[in-house]
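*Asks:*
Protein chains in written order, with this note's numbering: chain A, 189 to 482; chain B, 8 to 301.
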């Protein structure tokens with residue numbers, strides 16, 4: 189075939205070695221140029237943001253039009269949104285993942301479900317915002333509130349949780365199911381007592397990665413739950429809330445004369461939040477791999 | 008017990024199908040809010056070149072043009088770097104280097120887009136302004152660079168999956184014929200993985216087209232139409248940025264509000280087409296591989 193026409197002459201072989209050397213170095217350079225900005229961004233934010241971090245910064249209310257004080261309401265708001273999102277998307281996503289891994293037949297309905305999941309994963313985040321505005325804020329009349337934002341974010345994170353749950357369930361070998369059933373267990377008992385515990389690390393990793401995305405997103409909460417400034421902490425799920433990503437947007441584009449340290453400090457808090465979740469997820473994943481019994 | 012189990016099984020089955028319901032809900036509510044646009048505004052004034060809502064000029068062409076410019080340019084940057092990095096990770100790098108590289112790429116995937124937008128405003132756009140001697144650093148190019156960073160993790164991980172799926176026997180056959188590693192990568196692995204790479208490119212485009220916050224913060228928000236190469240270093244405005252920056256200020260039910268939802272419908276349909284095409288691509292990789300050796 190055409191693509192295998194390699195020359196045998198020693199001289200050409202030397203050329204090929206040279207080509208390979210140049211090619212490899214080019215690829216190494218490309219990789220370096222890709223990786224450096226990632227490290228650069230993280231390190232730069234850490235250095236510029238660190239001076240702002242203090243107990244007061246993370247535990248006090250903003251003051252002087254957010255140009256001073258802390259960012260407590262944004263931190264609390266982000267935690268509320270994350271918990272609210274998790275309460276809805278975790279049970280629903282795990283159940284849907286179990287369905288696809290254990291119950292679904294290979295028919296048109298299942299294929300339709302898969303297309304729907306892929307579609308949900310690809311919907312632009314701002315379109316989720318519009319949808320949340322149309323359905324939760326206006327139609328259900330929840331208003332601009334934590335509940336509207338959490339519902340919107342839940343649907344956005346659902347595809348991640350469903351796919352990782354399904355993958356984790358499928359990675360448990362078939363024989364575990366055979367043994368479970370042959371010991372007299374029903375299908376659900378086998379799933380609950382045998383499969384689910386073994387798939388749990390994978391599922392938890394998926395949940396964390398899904399929620400990590402929810403924590404960092406701004407566009408879906410812009411018109412569903414986020415508010416510019418709140419003089420007190422939200423007291424009910426029907427309240428609007430401040431949130432770290434939206435707060436970063438506000439203080440970096442909407443407020444003139446904003447001190448740079450506070451900006452970088454806020455960015456550092458969000459970045460640390462997200463990267464810590466990332467780290468926990470990969471630790472769970474690699475531990476589970478090491479402990480695997482099959 | 009039996010009845011309990013039936014109840015659980017049914018719940019799981021309903022949850023399994025929930026994704027279909029959500030996709031339908033998104034579609035219905037975008038339509039419900041956005042479709043009346045067509046009865047309120049002439050199609051000819053919608054497909055026009057001026058977006059100036061204050062004077063009720065709702066030409067969406069500049070916004071579509073803005074989205075396309077930024078997306079195309081981001082792909083021109085992201086593809087060589089993304090695929091190059093994937094080649095390094097998948098084919099060249101030793102295991103212990105990958106143990107650092109892969110988590111770093113995941114870190115990039117985890118950095119919230121608002122954080123990248125923030126870095127874009129404070130670091131990248133001043134650098135662009137000075138480096139390229141422009142009147143403003145908030146340009147399509149700045150947005151494209153950030154979008155490339157956002158798309159790269161998607162492209163790297165999907166391309167690497169595609170490399171992984173190429174059977175070892177292909178590589179062994181080429182080595183047996185005397186090929187160098189570089190020749191194997193270039194003439195065997197890359198062609199064999201092309202459908203997977205195409206899938207990565209499609210989803211990268213989807214990510215770029217749908218990205219909101221980073222683009223909104225650094226592209227200068229000027230709805231202009233593509234006029235030539237100089238458009239790359241001029242401010243633009245994308246569809247996503249328009250929705251995100253204007254939806255907060257419009258009256259519910261006004262013409263402006265409807266048009267913004269209408270843009271959301273366009274984005275939603277774009278994302279559906281991209282994701283469904285790419286998933287049908289990745290569902291038949293086997294045939295693609297057979298073609299390589301025939």
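The C-beta atom is built at its ideal place from N, Cα and C for all residues, glycine as well.
Run down chain B in chain order and give the residues with a C-beta less than 7 Å from the C-beta of residue 477(A).
*Replies:* Neighbours of residue 477(A) in chain B, taken as residues whose beta carbon is under 7 Å from its own, are absent, since the nearest beta carbon is some 13 Å off.
*Asks:* According to DSSP, what are the bridge partners of residue 225(A)?
*Replies:* Answer is none; residue 225(A) lacks a bridge partner.
*Asks:* How should residue 273(A) be labelled, buried or exposed, when 16 other C-beta atoms within 10 angstroms of its C-beta is the threshold for buried?
*Replies:* buried
*Asks:* Leaving out the 5 sequence neighbours to the left and right, which residues in its chain are closer than 8 Å to residue 464(A) when beta-carbon positions are compared?
*Replies:* Within the same chain, no residue comes within 8 Å of residue 464(A) by CB-CB distance, once the 5 residues on both sides are set aside.
*Asks:* Report the start-end ranges of each alpha helix (DSSP H) in the segment 211-267 of chain A that is 4 residues or longer and not cut off at the edges.
*Replies:* Entirely contained in the segment 211-267 of chain A, the alpha helix (DSSP H) runs reaching 4 residues are, in chain order, 243-247.
*Asks:* Please name the residue in 298(A), 234(A), 279(A), 316(A) whose C-alpha comes closest to that of residue 135(A).
*Replies:* As shown, chain A starts at 189 and ends at 482. That puts residue 135(A) outside it, with no answer to give.
*Asks:* Closer than 7 Å, Cβ to Cβ, to anything on chain A: give me those residues from the segment 34-53 of chain B, in chain order.
*Replies:* 36, 37, 39, 40
*Asks:* List the residues of chain A that residue 224(B) touches, going by C-beta distances under 9 Å, in chain order.
*Replies:* 437, 440, 441
*Asks:* Report yes or no: is there a C-beta of chain A within less than 7 Å of the C-beta of residue 65(B)?
*Replies:* no
*Asks:* By a C-beta neighbour count over all protein chains shown, 10 Å radius and 16 as the cutoff for buried, is residue 254(B) buried or exposed?
*Replies:* Buried.
*Asks:* Kindly list, in the order they appear in chain A, the residues whose Cβ is closer than 8 Å to that of residue 95(B).
*Replies:* 215, 216, 218, 219
*Asks:* Roughly how many angstroms lie between the CA atoms of residue 263(A) and residue 339(A), to the nearest whole one?
*Replies:* 19 Å
*Asks:* Could you name the residues of the segment 452-471 of chain A whose beta carbon sits closer than 7 Å to any beta carbon of chain B, in the order they occur along the chain?
*Replies:* 455, 458, 459, 462, 463, 466, 470
*Asks:* For the structure I just gave you, are there three or more beta carbon pairs, one from the segment 144-161 of chain B and one from the segment 176-193 of chain B, closer than 8 Å?
*Replies:* The answer is no - the segment 176-193 of chain B does not touch the segment 144-161 of chain B, with fewer than three Cβ pairs under 8 Å.
*Asks:* Give the DSSP-derived three-state secondary structure of residue 59(B) in the structure shown.
*Replies:* strand
*Asks:* Is the beta carbon of residue 191(B) closer than 7 Å to that of residue 183(B)?
*Replies:* Inclusion of residue 183(B) and residue 191(B) in the CB contact set at 7 Å is not warranted, their separation being larger than that value.
*Asks:* Give a yes or no on whether 7 Å exceeds the smallest Cβ distance from residue 20(B) to chain A.
*Replies:* yes
*Asks:* Does the pairing of the segment 399-408 of chain A with the segment 113-131 of chain B give three or more beta-carbon distances under 8 Å?
*Replies:* yes
*Asks:* Kindly say whether residue 27(B), judged by its beta-carbon, lies nearer than 7 Å to any beta-carbon of chain A.
*Replies:* yes
*Asks:* Checking contacts by CB at 7 Å: is residue 140(B) closer than that to chain A?
*Replies:* no
*Asks:* Output yes if chain B places a C-beta closer than 7 Å to the C-beta of residue 474(A); else output no.
*Replies:* no
*Asks:* Restricting to runs no shorter than 4 residues, where is the alpha helix (DSSP H) found entirely within the segment 205-263 of chain B?
*Replies:* 220-225, 246-253
*Asks:* Check whether the Cβ atoms of residue 346(A) and residue 277(A) lie closer than 7 Å to each other.
*Replies:* Yes, these two residues count as a Cβ contact at 7 Å.
*Asks:* Under 7 Å Cβ to Cβ from residue 427(A), same chain only, skipping five residues before and after it: list those, please.
*Replies:* So the list reads 333, 334, once near-sequence residues are dropped.
*Asks:* What's the C-alpha gap between residue 471(A) and residue 201(B)?
*Replies:* 33 Å
*Asks:* Any contact between the segment 302-311 of chain A and the segment 355-368 of chain A? By contact I mean 3 or more CB pairs, one from each, below 8 Å.
*Replies:* no
*Asks:* In its own chain, which residues sit with a C-beta less than 7 Å from the C-beta of residue 416(A), not counting the 5 before and 5 after it?
*Replies:* 438
*Asks:* Taking CB distances under 7 Å as the criterion, tell me whether residue 269(A) reaches chain B.
*Replies:* no
*Asks:* Near residue 244(A), what residues of its chain come up, given a Cβ to Cβ distance below 6 Å and the 5 sequence neighbours on each side ignored?
*Replies:* Closer than 6 Å at Cβ, skipping near neighbours: 258.
*Asks:* Going by alpha carbons, who is nearest to residue 452(A) out of 128(B), 186(B), 24(B), 250(B)?
*Replies:* 128(B)
*Asks:* Along chain A, which residues have their Cβ under 8 Å away from the Cβ of residue 282(B)?
*Replies:* 306, 307, 309, 310
*Asks:* When you compare the CB of residue 222(A) with every CB in chain B, is at least one pair closer than 7 Å?
*Replies:* For residue 222(A), the answer is yes, since a Cβ of chain B falls inside 7 Å of its Cβ.
*Asks:* Which word fits residue 328(A), buried or exposed, when buried means at least 16 other C-beta atoms lie within 10 angstroms of its C-beta?
*Replies:* exposed
*Asks:* In its own chain, which residues sit with a C-beta less than 8 Å from the C-beta of residue 239(B), not counting the 5 before and 5 after it?
*Replies:* 76, 80, 146, 147, 148, 151
*Asks:* If we ignore side chains and look at the alpha-carbon of each, how far apart do residue 279(B) and residue 185(B) end up?
*Replies:* Answer to the nearest angstrom: the Cα atoms are 45 Å apart.
*Asks:* Could you give the C-beta distance for residue 283(B) and residue 303(A), rounded to a whole number, given that I count them as a contact under 8 Å?
*Replies:* 6 Å
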